[in-house]
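A short worksheet on the structure shown next.
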Amino acid sequence: MFGFNKTSLAPAPREEYLHEVIPNTYHLIPFQVYQVGILHPDTWQVYINPSKTFAFHDGFAKIDRSAEKSCPDQASLALRWAKLKKETTIDEYMDEIKLQYEKKQKKNKKDSFKILSMTPVEDLPHKAYLMESSIRANHSVYRTLGKEESILSLQLTTYCDVTKRLVIASLASTPEDFESKRETYREILFSLTCH
């Protein structure tokens, strides 16, 4: 595995074991917890917020490159699962999401919240929806260097009737990043498993 340098006792790593540092080169690896799983780039890190619930019936995990501020790839993957308090179909839940976006837009005049598309997906173990949305903001939560910022989000939402949980995988990034990596991001979202 390691060759030794004749001038030093420190191991010299062989070239085939070095991880590539090109930001666009990575392998997708699995993350799974409480039967919820998804593939993610091996260069991304998993973050579990200790102040949020993290159990079988309710949990949240974030997987992204945010630790590497100099990296141009600042996409963020959020994985959320929750047991709903009342019996709701996936269609009813998505209708509620539409209403929430409309309320948010009416309430906040400075920023723009839009659902760009919401498509039912039938060829998965459970009915799901793929939703693309955009946020254009000009305040401190989203703004960098004082300019308006646009964020696109691609989200896959499903209800698992086996575990009785709503499961959501959401990827957020810049429009430019989505333009170049849309197919990879779709592959990540469609790797979502719920039981």
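Counting along the sequence shown from 1, when you hit position 191 you're at 331 in this note's numbering, and nothing is skipped either side.
Don't be surprised by glycine CBs; every beta carbon is placed ideally from N, CA and C.
Fair warning: this is a prediction, and the values are worked out from it, not measured in the lab.
| Query | Result |
| --- | --- |
| Three-pair Cβ contact test at 8 Å for the stretch 307-319 versus the stretch 291-299 | yes |
| Selection from Glu272, Thr314, Ala268 and Phe318 that minimises the alpha carbon distance to Tyr299 | Ala268 |
| Whole-angstrom distance between Thr303 and His197, CA atom to CA atom | 8 Å |
| Span separating the alpha-carbon of Gln172 from that of Leu270 | 21 Å |
| Three-state class that DSSP yields for Tyr282 in the structure shown | Note that Tyr282 has pLDDT 48, beneath the 50 cutoff, so the model's placement of it is unreliable and the number below is only indicative. Coil, per DSSP. |
| N-terminal and C-terminal residue of the alpha helix (DSSP H) that Asp235 is part of | Ile230 to Lys247 |
| Burial state of Pro181, where buried means 16 or more other Cβ atoms lie within 10 Å | buried |
| Among Tyr174, Ile188 and Glu236, nearest to Met217 - alpha-carbon criterion | For the sequence presented, residue 217 should be read as Leu rather than Met. Out of Tyr174, Ile188 and Glu236, Ile188 has the C-alpha closest to the C-alpha of Leu217. |
| Minimum C-alpha distance to Ala195 - residue among Phe253, Thr228, Gln175 and Met234 | Gln175 |
| Leu224, buried or exposed, once every other Cβ within 10 Å from all chains shown has been counted against 16 | exposed |
| Environment of Ser313 [buried if 16+ CB atoms lie within 10 Å] | buried |
| Proximity of Trp184 and Ile203 at Cβ, strictly below 8 Å | yes |
| Pairwise C-alpha distance: Val186 and Gln214 | 14 Å |
| Where Ile162 sits in the DSSP three-state scheme | With a pLDDT of 35 at Ile162, under the threshold of 50, the predicted position of this residue should be treated as unreliable, and no value is reported. |
| Cβ separation of Ile255 and Lys238, assumed to be a contact under 8 Å, to the nearest whole Å | 6 Å |
| Range of the contiguous beta strand (DSSP E) that encloses Ser313 | Arg305 to Ser313 |
| Glu327 - DSSP class collapsed to helix/strand/coil | helix |
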